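Asker: So for the sequence shown, this note's numbering puts the first residue at 562; every next one is plus one.
Positions of the beta carbon are idealized from the N, C-alpha and C atoms, including for glycine.
Given the structure is predicted, the values throughout are model-derived calculations rather than measurements.
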Amino acid sequence: MDRERAGDQPTVSELPQGRRAATFTASSGDPFPLGEVIADAYRLDEVLGRGGMGIVYGARDQRLLRNVALKASLDPRWSPAIRIEAQALAAIRHAGVVRVHASGSYIGHDYFVMERLIGRSLQARIDEAKRRRMRFSVEETLDIMIGVADALSAAHGAGLAHRDLKPGNIMLCGGRIVLLDFGLFVPECEVEQNDNVAGSAEYMAPEVIGRRVSPGAGPLVDLYALGILGFELLVGHTPFFAHNMQRTLTDHLLTPLPKIERPDAAAALVRIIEDLTSKEPGDRPGSAEAVLWQLCAIRSPRGGMAGIRPLHVLVIDDDPEIASVLRRTLKASMPQLTVESEVDPTLAIADIERNPPDVVLLDLNMPKMNGVEVAMTVSGLPPHRRPRVVGMSAEANEHDVAVMRAVGVEDFVPKDMRFLPRMAAVIGAIRQGG
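#1: Are the Cβ atoms of Ile731 and Leu721 separated by less than 8 angstroms?
#2: Output the residue ranges of the alpha helix (DSSP H) runs that lie fully inside the segment 623-663 and measure 4 residues or longer, sorted by chain position.
#3: Please report how far the alpha carbon of Ile679 lies from the alpha carbon of Ser839, in whole angstroms.
#4: What runs of the beta strand (DSSP E), each 3 residues or longer, lie entirely inside the segment 847-908?
#5: In terms of residues, what are the limits of the alpha helix (DSSP H) holding Tyr672?
#6: Alpha carbon to alpha carbon, what distance is there between Cys857 and Gly865?
#7: Given this structure, state the Cα-to-Cα distance separating Leu818 from Pro800, to the nearest angstrom.
#8: With DSSP collapsed to three states, give me the class of Arg772.
#9: Mind listing, in chain order, the continuous alpha helix (DSSP H) runs of no fewer than 4 residues lying wholly within the segment 927-969?
#10: Are the beta-carbon atoms belonging to Tyr672 and Ile653 less than 8 angstroms from one another?
#11: Just reading off the beta strand (DSSP E) that Phe973 is part of, what are its end residues?
#12: Taking 6 angstroms as the limit between beta carbons, can you name the residues of its chain near Arg983, skipping five residues before and five after?
#13: Going by C-alpha to C-alpha distance, which of Ser848, Trp639, Val629 sits closest to His670?
#14: Rounded to a whole number of angstroms, what is the C-alpha to C-alpha distance between Val709 and Pro948?
#15: Ala722 CB to nearest chain C CB: under 8 angstroms?
#16: I'd like to check one pair, Val886 with Ile997: are the Cβ atoms closer than 8 angstroms?
#17: Check the C-beta distance from Val658 over to Ala715 and give it rounded, since I have them as a contact under 8 angstroms.
#18: Would you call Ile913 buried or exposed, if buried means 16 or more other Cβ atoms sit within 10 Å of its Cβ?
#19: Around the Cβ of Ala762, are there at least 16 other Cβ atoms within 10 angstroms (buried) or fewer (exposed)?
#20: Within 10 angstroms of its Cβ, does Glu753 collect 16 or more other Cβ (buried), or is it exposed?
#21: Report the partner residues of Ile616 according to the DSSP bridge assignment.
#22: Suppose you measure from the CA of Gly952 to the CA of Thr890; what does that come to, to the nearest Å?
#23: Which whole-angstrom value describes the C-beta separation of Met765 and Leu810, a residue pair presumed to lie in contact below a C-beta threshold of 8 angstroms?
#24: So, with DSSP's three-state summary, where would you put Gly665?
#25: With DSSP as the reference, label Met732 as helix, strand or coil.
#26: For Gly718, which option in Asp688, Arg681, Gly777, Glu956 has the closest C-alpha, if you only look at C-alpha atoms?
#27: Should Thr702 go down as buried or exposed, given a rule of 16 or more other Cβ atoms within 10 Å for buried?
#28: With a threshold of 6 angstroms on Cβ separation, who are the neighbours of Met978 within its own chain once the five nearest residues in sequence on each side are excluded?
#29: Once DSSP output is grouped into helix, strand and coil, what is the label at Arg604?
#30: First and last residue of the alpha helix (DSSP H) that includes Asp688?
#31: In this structure, does DSSP put Ile988 in helix, strand or coil?
#32: Take every Cβ of the segment 962-971, pair it with every Cβ of the segment 920-934, and state whether three or more of those distances are shorter than 8 angstroms.
#33: Please say whether Leu853 and Val920 have beta carbons closer to each other than 8 angstroms?
#34: Is it the case that the segment 688-695 contacts the segment 768-783, given that we only count it when at least three CB pairs across the two stretches are under 8 angstroms?
#35: Is it right to say Ile834 is buried, meaning 16 or more other beta carbons lie within 10 angstroms of its own, or is it exposed?
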């Protein structure tokens, strides 16, 4: 049921408690010996992980002088799975997904080269908490769930579902949370109704157990696993963990989710976890992005205070007159708004990082730094500190608008005769939860 793969072992360097990175002994059954140079570039220095289908080496890129990880099939028969995993990873550009540098085939074995991360798996962190008889704080639970939901949102947006989300496949790398082991990562266009059961029993959605995952419904499988993970972080164990695997699977199908006994957890967080773990896929939240924003609203110091705290808007425009007119117009229609402005985009970015506003109104054309660069910087902030961005310009064409949307700008208002009323309508919709 829980297929053994290279991803079930550390695929990056783990450094718990400051100790040396964990590595594995080389074996005569490995596809490549240590010291081998692949593609005239990648020198294999150590074995980081090994499973039933693949092996992960720690390697040195001798051309670009950087450390990398190289994953290869243990047997040429499994090369297609390695190739599919590499293609899935390469389709996503997101901090929560490991970056692929290259791929190829060497003496009959497919491989791909990815970034070398330093961190530890969430499973190792959970095991440590159990040894110390400690539970994750609500804040840490939210941060982890937000990071995972953010990465899933990017994957689902690329038309892919992970389908084996569990703590062993989640890496904690400082402030970065990264999804690993994409051996079951499936393009949703290739899903069939009778796909085989695969995944990890404690995190497996009922529809997977019943072999009734509809084409296009793979993301809902991931959301169920995210809910199980949230329960585990708050309570200290998964909700269904019988010693007998069949009993565990039956509990997923029939047994209601146990009550979450955490008085310090917000009712909204408990409700999200309950919704995510609904037995029927259609009763779960519609998307990872929707879950992400709900979690961010709880995690943010501003969360839960929309009816009390005024919306904080930051205008970034090199024309101070535009900012002045916007401030007057928005304040006139919505007196509870807080509207600030900055003509220098570099100073504005520092302001955003120090005290994130709710909304940024961003001009596309500025002399020091254009709006696309600012939007890209903002999109790299942690989700719970990332403001919503609305673009504006007097000269933007369709291509410019498409580029802005690609870097996270969710709306665009042209600076034309109807600029002010349109902008007021956009801000009004955001304020009302739109």
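Answerer: In terms of the structure at hand:
#1: For this step, residue 731 is matched to residue 170 along the sequence shown. For this step, residue 721 is matched to residue 160 along the sequence shown. Result no, Cβ atoms of Ile731 and Leu721 do not sit closer than 8 angstroms.
#2: 640-651
#3: Position 118 of the sequence shown, counted from the first residue, corresponds to residue 679. Position 278 of the sequence shown, counted from the first residue, corresponds to residue 839. Their Cα atoms are separated by approximately 35 angstroms.
#4: 873-877, 899-903
#5: The count along the sequence shown starts at 1 and reaches residue 672 at position 111. Note, Tyr672: premise wrong, no alpha helix (DSSP H); beta strand (DSSP E) at 670-676.
#6: The count along the sequence shown starts at 1 and reaches residue 865 at position 304. The count along the sequence shown starts at 1 and reaches residue 857 at position 296. Residue confidence is low: Gly865 scores 42 on pLDDT, short of 50, so the model does not pin down where it sits. No coordinate-derived value is stated.
#7: Taking the sequence shown and counting its residues from 1, the one referred to as residue 818 is at position 257. Taking the sequence shown and counting its residues from 1, the one referred to as residue 800 is at position 239. Cα to Cα, Leu818 sits roughly 7 angstroms from Pro800.
#8: What you label residue 772 is simply residue 211 of the sequence shown in a count that begins at 1. Reduced to three states, the DSSP call for Arg772 is coil.
#9: 932-940, 959-967
#10: Against the sequence shown, residue 672 aligns to sequence position 111. Against the sequence shown, residue 653 aligns to sequence position 92. Contact: no.
#11: Counting from 1 along the sequence shown, the entry for residue 973 is found at position 412. Where Phe973 is concerned, the enclosing beta strand (DSSP E) stretches over 972-975.
#12: Counting from 1 along the sequence shown, the entry for residue 983 is found at position 422. Result list for Arg983: Val974, in chain order.
#13: The residue given as residue 670 occupies position 109 in the sequence shown. Ranking Ser848, Trp639, Val629 by Cα distance to His670 puts Trp639 first.
#14: Numbered from its first residue, the sequence shown carries residue 709 at position 148. Numbered from its first residue, the sequence shown carries residue 948 at position 387. Spanning the two alpha carbons is a distance of roughly 19 angstroms.
#15: The displayed structure is made up of one protein chain only, and chain C is not part of it.
#16: Residue 997 cannot be examined here, being either before or after the span of the chain that is shown, 562 to 995.
#17: Locating residue 658 in the sequence shown gives position 97, where the first residue counts as 1. Locating residue 715 in the sequence shown gives position 154, where the first residue counts as 1. Yes, they are in contact, since the Cβ atoms of Val658 and Ala715 sit about 7 angstroms apart, within 8 angstroms.
#18: Stepping through the sequence shown from its first residue, residue 913 is reached at position 352. Result: buried.
#19: Here residue 762 is taken as the residue at index 201 of the sequence shown, counted from 1. Buried, by the Cβ-count rule.
#20: As a working mapping, residue 753 is identified with position 192 in the sequence shown. At Glu753, the pLDDT of 47 sits below 50, so the modelled position is not reliable and the matter cannot be decided from this model.
#21: Counting from 1 along the sequence shown, the entry for residue 616 is found at position 55. Partner(s): Arg611, Ala633.
#22: In the sequence shown, residue 952 corresponds to position 391, counting from 1. In the sequence shown, residue 890 corresponds to position 329, counting from 1. So the alpha carbons of these two residues sit roughly 17 angstroms apart.
#23: As a position in the sequence shown, residue 765 is number 204, starting the count at 1. As a position in the sequence shown, residue 810 is number 249, starting the count at 1. Correct: roughly 7 angstroms between the Cβ atoms.
#24: As a working note, residue 665 is residue 104 in the sequence shown. Three-state DSSP puts Gly665 in a strand.
#25: To locate residue 732, count along the sequence shown from 1; it is residue 171. Three-state DSSP puts Met732 in a strand.
#26: Reading the sequence shown from its first residue, position 157 is the one you call residue 718. Measuring from the Cα of Gly718, the nearest candidate turns out to be Gly777.
#27: As a working note, residue 702 is residue 141 in the sequence shown. Flag for Thr702 reads buried.
#28: Taking the sequence shown and counting its residues from 1, one reaches residue 978 at position 417. So the list is empty, once near-sequence residues are dropped.
#29: The residue labelled residue 604 in the question sits at position 43 within the sequence shown. In the structure shown, Arg604 sits in a strand (DSSP, three-state: E or B).
#30: Within the sequence shown, residue 688 is the residue found at index 127, counting from 1. Element bounds for Asp688: 683-692.
#31: Reading the sequence shown from its first residue, position 427 is the one you call residue 988. In the structure shown, Ile988 sits in a helix (DSSP, three-state: H, G or I).
#32: yes
#33: Looking up residue 920 in the sequence shown gives position 359. Looking up residue 853 in the sequence shown gives position 292. Cβ atoms of Val920 and Leu853: not closer than 8 angstroms.
#34: no
#35: For the purposes of this step, residue 834 is taken as residue 273 along the sequence shown, with counting starting at 1. It is buried - the Cβ of Ile834 has at least 16 other Cβ atoms within 10 Å.
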